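Trainee: Chains as they are written, first to last, in full-length UniProt numbering: chain Z, 1 to 381; chain X, 1 to 381.
All C-beta atoms, glycine included, are put in the ideal place defined by N, C-alpha and C.
As the structure is a computational prediction, the values presented were derived from the model and not from experiment.
2 protein chains.
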Amino acid sequence: MKIGMLGGGQLARMLALAGIPLGCEFTIFSPDREACAAPLGRSCCYDYSDAEALMDLAASSDVIGFEFENVPVRTLDFLADHLPVRPGPEALRLAQDRVHEKELFTELDIPCAAFFPVDSLEDLHRAAALIGLPAVLKARRQGYDGRGQTLIRQMDEMAPAWQLLGGQPAILESLVDFDREISVIAVRAASGETAFYALSENTHHHGILRLAVSQPHDSMQAQAERYAQRLLDRLDYVGVLALELFQAGDHLLANEYAPRVHNSGHWTIEGAATSQFENHLRAIMGLPLGSTALRGVAATINLIGTVPDMARILGTPNTCLHLYGKACKPGRKLGHVTVCADSMKQLNQILSDLSGLFSSEAVSAVAEAGHYQNQKQGGCA
Amino acid sequence: MKIGMLGGGQLARMLALAGIPLGCEFTIFSPDREACAAPLGRSCCYDYSDAEALMDLAASSDVIGFEFENVPVRTLDFLADHLPVRPGPEALRLAQDRVHEKELFTELDIPCAAFFPVDSLEDLHRAAALIGLPAVLKARRQGYDGRGQTLIRQMDEMAPAWQLLGGQPAILESLVDFDREISVIAVRAASGETAFYALSENTHHHGILRLAVSQPHDSMQAQAERYAQRLLDRLDYVGVLALELFQAGDHLLANEYAPRVHNSGHWTIEGAATSQFENHLRAIMGLPLGSTALRGVAATINLIGTVPDMARILGTPNTCLHLYGKACKPGRKLGHVTVCADSMKQLNQILSDLSGLFSSEAVSAVAEAGHYQNQKQGGCA
Numbered sequence: 001m002k003i004g005m006l007g008g009g010q011l012a013r014m015l016a017l018a019g020i021p022l023g024c025e026f027t028i029f030s031p032d033r034e035a036c037a038a039p040l041g042r043s044c045c046y047d048y049s050d051a052e053a054l055m056d057l058a059a060s061s062d063v064i065g066f067e068f069e070n071v072p073v074r075t076l077d078f079l080a081d082h083l084p085v086r087p088g089p090e091a092l093r094l095a096q097d098r099v100h101e102k103e104l105f106t107e108l109d110i111p112c113a114a115f116f117p118v119d120s121l122e123d124l125h126r127a128a129a130l131i132g133l134p135a136v137l138k139a140r141r142q143g144y145d146g147r148g149q150t151l152i153r154q155m156d157e158m159a160p161a162w163q164l165l166g167g168q169p170a171i172l173e174s175l176v177d178f179d180r181e182i183s184v185i186a187v188r189a190a191s192g193e194t195a196f197y198a199l200s201e202n203t204h205h206h207g208i209l210r211l212a213v214s215q216p217h218d219s220m221q222a223q224a225e226r227y228a229q230r231l232l233d234r235l236d237y238v239g240v241l242a243l244e245l246f247q248a249g250d251h252l253l254a255n256e257y258a259p260r261v262h263n264s265g266h267w268t269i270e271g272a273a274t275s276q277f278e279n280h281l282r283a284i285m286g287l288p289l290g291s292t293a294l295r296g297v298a299a300t301i302n303l304i305g306t307v308p309d310m311a312r313i314l315g316t317p318n319t320c321l322h323l324y325g326k327a328c329k330p331g332r333k334l335g336h337v338t339v340c341a342d343s344m345k346q347l348n349q350i351l352s353d354l355s356g357l358f359s360s361e362a363v364s365a366v367a368e369a370g371h372y373q374n375q376k377q378g379g380c381a
Numbered sequence: 001m002k003i004g005m006l007g008g009g010q011l012a013r014m015l016a017l018a019g020i021p022l023g024c025e026f027t028i029f030s031p032d033r034e035a036c037a038a039p040l041g042r043s044c045c046y047d048y049s050d051a052e053a054l055m056d057l058a059a060s061s062d063v064i065g066f067e068f069e070n071v072p073v074r075t076l077d078f079l080a081d082h083l084p085v086r087p088g089p090e091a092l093r094l095a096q097d098r099v100h101e102k103e104l105f106t107e108l109d110i111p112c113a114a115f116f117p118v119d120s121l122e123d124l125h126r127a128a129a130l131i132g133l134p135a136v137l138k139a140r141r142q143g144y145d146g147r148g149q150t151l152i153r154q155m156d157e158m159a160p161a162w163q164l165l166g167g168q169p170a171i172l173e174s175l176v177d178f179d180r181e182i183s184v185i186a187v188r189a190a191s192g193e194t195a196f197y198a199l200s201e202n203t204h205h206h207g208i209l210r211l212a213v214s215q216p217h218d219s220m221q222a223q224a225e226r227y228a229q230r231l232l233d234r235l236d237y238v239g240v241l242a243l244e245l246f247q248a249g250d251h252l253l254a255n256e257y258a259p260r261v262h263n264s265g266h267w268t269i270e271g272a273a274t275s276q277f278e279n280h281l282r283a284i285m286g287l288p289l290g291s292t293a294l295r296g297v298a299a300t301i302n303l304i305g306t307v308p309d310m311a312r313i314l315g316t317p318n319t320c321l322h323l324y325g326k327a328c329k330p331g332r333k334l335g336h337v338t339v340c341a342d343s344m345k346q347l348n349q350i351l352s353d354l355s356g357l358f359s360s361e362a363v364s365a366v367a368e369a370g371h372y373q374n375q376k377q378g379g380c381a
């Protein structure tokens with residue numbers, strides 16, 4: 001099947017690696033001349049608004065997918081007039097705007113932080129009075145990896161925070177005092193069949209995911225699946241969807257959803273019977289889903305900005321390396337390492353052995369995760 | 001690392017899929033305009049004797065590999081003057097000639113069928129007198145998937161068999177009355193470190209592998225590893241080597257070795273901690289080997305000539321599909337299906353459920369394998 005993929009980053013690259021054995025042929029459509037997925041298919045380097053290039057993409061594809069949240073919705077709308085776009089434009093439209101996203105959560109009885117749209121400094125004051133401080137001011141659109149977010153702890157931080165956003169439409173969200181960050185990777189087939197992976201426990205630093213660890217038999221699994229199921233059904237969704245959640249006590253609060261494969265699901269390549277990438281493709285191709293069962297436990301460590309010595313990574317038992325073929329740059333996701341183990345204890349031991357190879361942020365993430373694990377198990381950090 | 005790969009078939013394709021996440025960039029050098037690995041790298045479509053093209057390959061590669069037994073040794077010799085060729089030309093030279101291969105087995109005290117070189121009808125008569133009938137007359141060179149082989153049961157079949165080979169150098173091998181066919185996939189790193197996968201039990205029909213099943217805790221594992229280890233050491237080998245063996249009672253007889261990744265090791269993609277493809281690349285790149293530990297049990301069913309309905313394959317639990325991107329053609333390997341399970345009993349059940357989807361040869365192979373399993377377990381077929 002011919003897949004027209006909008007976006008050419010590492011998610012498209014890993015989708016292509018999963019899809020080529022299924023007989024997929026990819027067209028990678030991205031304005032980025034250095035799109036790291038481009039070598040794995042036919043490369044179309046055009047702007048997302050180039051109607052002629054999009055018509056050519058439509059003519060040479062059986063189905064359109066996207067790997068990137070900031071593809072313009074009008075690009076999907078344009079293509080959807082000609083061939084199936086999966087997931088559909090509505091899922092992207094709502095995800096692109098934090099206010100619409102939170103309104104959707106509210107409509108579906110999925111708990112989330114108190115929020116208020118902010119279009120002016122006056123709005124911001126009103127919002128703060130309503131939901132209280134501390135709170136986080138976020139751009140409504142175009143935010144990812146923590147960009148465009150400012151924590152406001154007290155009144156005198158409001159004006160500078162608003163100034164920092166440069167007057168763009170925003171949202172104020174009450175700061176959630178959470179115990180941990182988790183995500184559930186869900187997938188819905190064209191037939192309506194759904195499947196869910198075990199939760200992932202995620203550690204961020206400076207807004208970027210550093211570590212994601214699969215959680216077998218997690219007590220919050222059922223609750224997270226219920227919320228994800230509501231999103232899948234409401235959006236008549238086809239493909240993989242990731243729902244990011246905060247856990248506070250026994251409650252989950254939705255943070256945001258991503259209408260695509262997700263960084264916190266990279267461990268599914270080795271750690272599940274079928275990876276999120278293959279299941280996304282099975283779904284958008286109209287094929288049956290594969291099993292999401294865990295294979296042991298697994299963790300993904302993101303490689304941010306630099307890549308440690310390959311021989312030392314691969315010389316550590318139970319590790320797999322995934323490089324994205326991108327040039328080094330501070331803050332850039334260059335690859336990830338997956339660690340597989342038979343037990344959480346073994347996993348934490350390997351993570352600890354590996355931590356010397358990684359940047360201080362990743363080490364902190366590993367240490368934090370170990371701390372949480374120990375807390376849960378009643379041990380000491 | 002830049003890998004210059006001689007040959008562009010499915011083995012090169014699966015090597016590329018395993019190597020891209022390790023940061024490998026491939027040049028696929030093959031005279032075949034439709035080489036199915038070519039889209040995964042820079043494609044060089046030239047004859048193996050094209051010195052200028054080979055010089056360009058050498059200049060643009062860090063190491064040379066090959067996926068195909070019938071690459072001319074002089075091509076490897078030429079390249080080896082300029083950069084590392086792994087495994088080296090000697091491993092290929094000996095594997096390409098059945099007489100040299102059997103002489104190597106004999107030198108290394110690896111038991112094999114009685115054999116005799118045959119260059120004329122007179123030689124054939126002399127050989128038959130020495131080793132007895134039934135015996136198999138095989139071309140010394142260029143044979144694979146059972147081509148160029150004739151079974152001789154009685155004296156009057158000798159002249160037609162010799163005629164069929166067209167006078168090319170041959171070998172007569174006594175027919176082995178074996179209980180089963182197995183193979184061991186071995187790998188040796190540039191450092192000399194070696195590792196072995198669990199044995200694979202293989203079923204052929206018309207000379208083509210139909211089914212390969214991983215064998216945890218097989219009683220012949222240690223013996224097979226000893227023989228493979230001798231080959232690896234003698235050849236100062238770097239990369240994956242497959243040794244095909246016949247089991248007769250408690251004895252193993254070497255049939256042939258392949259100086260490359262092997263069809264009977266395709267189940268290692270899902271069924272082992274590190275696939276044969278990744279370990280071959282780790283070896284030739286000078287990196288540490290990955291674990292060869294089994295993940296449950298797994299079987300590979302080859303898709304020969306036609307591809308069954310994808311939705312039905314993928315709708316069967318625990319199956320993975322690998323298509324090679326080749327046009328359908330009778331007798332051609334178009335892909336394979338891997339089945340994973342927690343136990344041999346579950347594996348045989350899934351193989352049985354799947355058998356309706358495959359060609360009659362594959363069904364027979366599955367039935368035969370089940371029969372052998374049942375025999376071993378003392379059950380009834």
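Would Ala190 (chain Z) pass as an interface residue toward chain X - the criterion being a Cβ-Cβ separation below 8 Å?
Mentor: The residue labelled residue 190 (chain Z) in the question sits at position 190 within the first sequence. Ala190 (chain Z) does not count as touching chain X.
Trainee: Should Arg33 (chain Z) go down as buried or exposed, given a rule of 16 or more other Cβ atoms within 10 Å for buried?
Mentor: In the first sequence, the residue the question calls residue 33 (chain Z) occupies position 33. Exposed, by the Cβ-count rule.
Trainee: Kindly indicate the opening and closing residues of the alpha helix (DSSP H) around Ala228 (chain Z).
Mentor: Translated into the one-based positions of the first sequence, residue 228 (chain Z) becomes position 228. It spans 221-234 - the alpha helix (DSSP H) in which Ala228 (chain Z) sits, taken as one unbroken run.
Trainee: Could you give the first and the last residue of the continuous alpha helix (DSSP H) run that contains Phe277 (chain X)?
Mentor: Taking the second sequence and counting its residues from 1, the one referred to as residue 277 (chain X) is at position 277. From DSSP, the alpha helix (DSSP H) with Phe277 (chain X) extends over 276-284.
Trainee: At least one CB of chain Z closer than 8 Å to the CB of Pro317 (chain X): is that the case?
Mentor: For the purposes of this step, residue 317 (chain X) is taken as the residue at position 317 of the second sequence. Cβ-Cβ to chain Z under 8 Å: yes for Pro317 (chain X).
Trainee: So, with DSSP's three-state summary, where would you put Asn70 (chain Z)?
Mentor: In the first sequence, the residue the question calls residue 70 (chain Z) occupies position 70. If DSSP states are grouped into helix, strand and coil, Asn70 (chain Z) belongs with coil.
Trainee: Does the Cβ-Cβ distance between Asn279 (chain X) and Leu289 (chain X) come in under 8 Å?
Mentor: Walking along the second sequence from the start, residue 279 (chain X) turns up at place 279. Walking along the second sequence from the start, residue 289 (chain X) turns up at place 289. A contact, by the Cβ cut-off of 8 Å.
Trainee: What does the alpha-carbon distance come out to for the pair Gln375 (chain X) and Arg180 (chain X)?
Mentor: Within the second sequence, numbered from 1, the residue matching residue 375 (chain X) stands at position 375. Within the second sequence, numbered from 1, the residue matching residue 180 (chain X) stands at position 180. Since pLDDT at Gln375 (chain X) reaches only 47, below the 50 mark, its modelled position is unreliable, and the value read off the structure follows with that caveat. In a straight line, the C-alpha of Gln375 (chain X) is about 12 Å away from that of Arg180 (chain X).
Trainee: The alpha helix (DSSP H) with Met155 (chain X) in it runs from where to where?
Mentor: Taking the second sequence and counting its residues from 1, the one referred to as residue 155 (chain X) is at position 155. No alpha helix (DSSP H) contains Met155 (chain X), which DSSP labels as neither H nor E.
Trainee: Do you know whose CA, among X:Gln223, X:Ile304, X:Gly325, X:Ser219, lies nearest Arg332 (chain X)'s CA?
Mentor: Stepping through the second sequence from its first residue, residue 332 (chain X) is reached at position 332. Per the Cα distances, X:Ile304.
Trainee: Output yes if chain X places a C-beta closer than 8 Å to the C-beta of Gly290 (chain Z); else output no.
Mentor: Walking along the first sequence from the start, residue 290 (chain Z) turns up at place 290. Closer than 8 Å: yes.
Trainee: Given residue 435 (chain Z), which residues of its chain have a CB within under 6 Å of its CB, disregarding the five upstream and five downstream residues?
Mentor: Limits of chain Z in this structure are 1 at one end and 381 at the other, which puts residue 435 (chain Z) out of reach.
Trainee: Under 8 Å between C-beta atoms, does Leu287 (chain X) make it to chain Z?
Mentor: Taking the first residue of the second sequence as 1, we reach residue 287 (chain X) at position 287. Cβ-Cβ to chain Z under 8 Å: yes for Leu287 (chain X).
Trainee: Are the CB atoms of Val118 (chain X) and Ile171 (chain X) nearer to each other than 8 Å?
Mentor: To locate residue 118 (chain X), count along the second sequence from 1; it is residue 118. To locate residue 171 (chain X), count along the second sequence from 1; it is residue 171. For Val118 (chain X) and Ile171 (chain X), yes; Cβs fall inside 8 Å.
Trainee: Quick one: using the 10 Å Cβ neighbour count with 16 as the cut-off for buried, is Lys102 (chain X) buried or exposed?
Mentor: Here residue 102 (chain X) corresponds to residue number 102 of the second sequence, with the count starting at 1. Buried.
Trainee: Roughly how far, in whole angstroms, is the beta-carbon of Ile3 (chain X) from the beta-carbon of Ser61 (chain X), given that I think they are within contact range, below 8 Å?
Mentor: For the purposes of this step, residue 3 (chain X) is taken as residue 3 along the second sequence, with counting starting at 1. For the purposes of this step, residue 61 (chain X) is taken as residue 61 along the second sequence, with counting starting at 1. That pair is a contact at about 6 Å.
Trainee: Is Gly286 (chain Z) near Ala190 (chain Z), with beta carbons less than 8 Å apart?
Mentor: Residue 286 (chain Z) sits at position 286 when you count from the first residue of the first sequence. Residue 190 (chain Z) sits at position 190 when you count from the first residue of the first sequence. Yes, Cβ-Cβ distance for Gly286 (chain Z) and Ala190 (chain Z) is below 8 Å.
Trainee: Taking C-alpha atoms, which residue in Z:Thr319, Z:Arg86, Z:Leu108, Z:Gly325 lies nearest to Thr306 (chain Z)?
Mentor: Residue 306 (chain Z) sits at position 306 when you count from the first residue of the first sequence. Of the candidates Z:Thr319, Z:Arg86, Z:Leu108, Z:Gly325, the one whose C-alpha sits nearest the C-alpha of Thr306 (chain Z) is Z:Gly325.
Trainee: Along the chain, where does the beta strand (DSSP E) containing Ser120 (chain X) start, and where does it finish?
Mentor: For the purposes of this step, residue 120 (chain X) is taken as residue 120 along the second sequence, with counting starting at 1. Note, Ser120 (chain X): premise wrong, no beta strand (DSSP E); not H, not E.
Trainee: Would you please state the rounded distance, in angstroms, between the beta carbons of Leu241 (chain Z) and Leu232 (chain Z)? I believe it to be under 8 Å.
Mentor: Sequence index remark: in the first sequence, residue 241 (chain Z) carries index 241 (1-based). Sequence index remark: in the first sequence, residue 232 (chain Z) carries index 232 (1-based). Contact flag correct, Cβ pair sits at about 6 Å.
Trainee: Curious, which full-length alpha helix (DSSP H) runs of at least 4 residues does the segment 44-96 of chain Z contain?
Mentor: Counting only runs of 4 or more, we get 51-59, 73-80, 89-95.
Trainee: Please report the residue range of the beta strand (DSSP E) in which His336 (chain X) lies.
Mentor: Working through the second sequence from its first residue, we reach residue 336 (chain X) at position 336. Element bounds for His336 (chain X): 333-341.
Trainee: Could you check where the alpha helix (DSSP H) with Gly271 (chain Z) kicks off and where it finishes?
Mentor: For the purposes of this step, residue 271 (chain Z) is taken as residue 271 along the first sequence, with counting starting at 1. Gly271 (chain Z) -> alpha helix (DSSP H) spans 268-271.
Trainee: So, does the CB of Leu121 (chain Z) fall closer than 8 Å to a CB anywhere in chain X?
Mentor: Here residue 121 (chain Z) corresponds to residue number 121 of the first sequence, with the count starting at 1. With 8 Å as the cut-off, Leu121 (chain Z) does not count as an interface residue toward chain X.
Trainee: Are the C-beta of Gly23 (chain Z) and some C-beta of chain X separated by less than 8 Å?
Mentor: Within the first sequence, numbered from 1, the residue matching residue 23 (chain Z) stands at position 23. Answer yes: the Cβ-Cβ gap between Gly23 (chain Z) and chain X drops below 8 Å somewhere.
Trainee: Taking Ala114 (chain X) as the reference, which of X:Leu121, X:Gly7, X:Phe105, X:Ser120 has the closest Cα?
Mentor: By one-based count along the second sequence, residue 114 (chain X) stands at place 114. Selected option, being the one with the closest Cα: X:Phe105.
Trainee: Could you tell me if Pro160 (chain Z) is buried or exposed, where buried requires 16 or more neighbouring beta carbons within 10 angstroms of its beta carbon?
Mentor: As a position in the first sequence, residue 160 (chain Z) is number 160, starting the count at 1. When all chains shown are included, Pro160 (chain Z) counts as exposed.
Trainee: Run through DSSP, which three-state label would Ala113 (chain Z) get?
Mentor: Locating residue 113 (chain Z) in the first sequence gives position 113, counting from the first residue. Coil at Ala113 (chain Z), not helix or strand.
Trainee: Please tell me whether, using a cut-off of 7 Å, the distance from the CB of Met158 (chain X) to the nearest non-hydrogen atom of the ligand ADP is below it.
Mentor: You won't find the ligand ADP in this model; it holds no ligand whatsoever.
Trainee: Between which residues of its own chain and Gln223 (chain X) is the CB-CB distance below 7 Å, once the five residues before and five after are set aside?
Mentor: Here residue 223 (chain X) refers to the residue found at position 223 when the second sequence is read from its first residue. Counting only Cβ-Cβ distances below 7 Å, and skipping sequence neighbours, we find Leu252.
Trainee: Checking 8 Å against the spacing of the C-beta atoms, do Leu314 (chain X) and Asn263 (chain X) come in under that value?
Mentor: Within the second sequence, the letter at position 314 stands for residue 314 (chain X). Within the second sequence, the letter at position 263 stands for residue 263 (chain X). Taking 8 Å as the Cβ cut-off, Leu314 (chain X) and Asn263 (chain X) do not qualify as a contacting pair.
Trainee: Below 8 Å on C-beta distance, what does Arg260 (chain X) contact in chain Z?
Mentor: Within the second sequence, residue 260 (chain X) is the residue found at index 260, counting from 1. Simply none; closest approach about 19 Å.
Trainee: Specify the secondary structure class of Ala198 (chain X) as computed by DSSP and reduced to three states.
Mentor: To locate residue 198 (chain X), count along the second sequence from 1; it is residue 198. Residue state, collapsed to three classes: coil.
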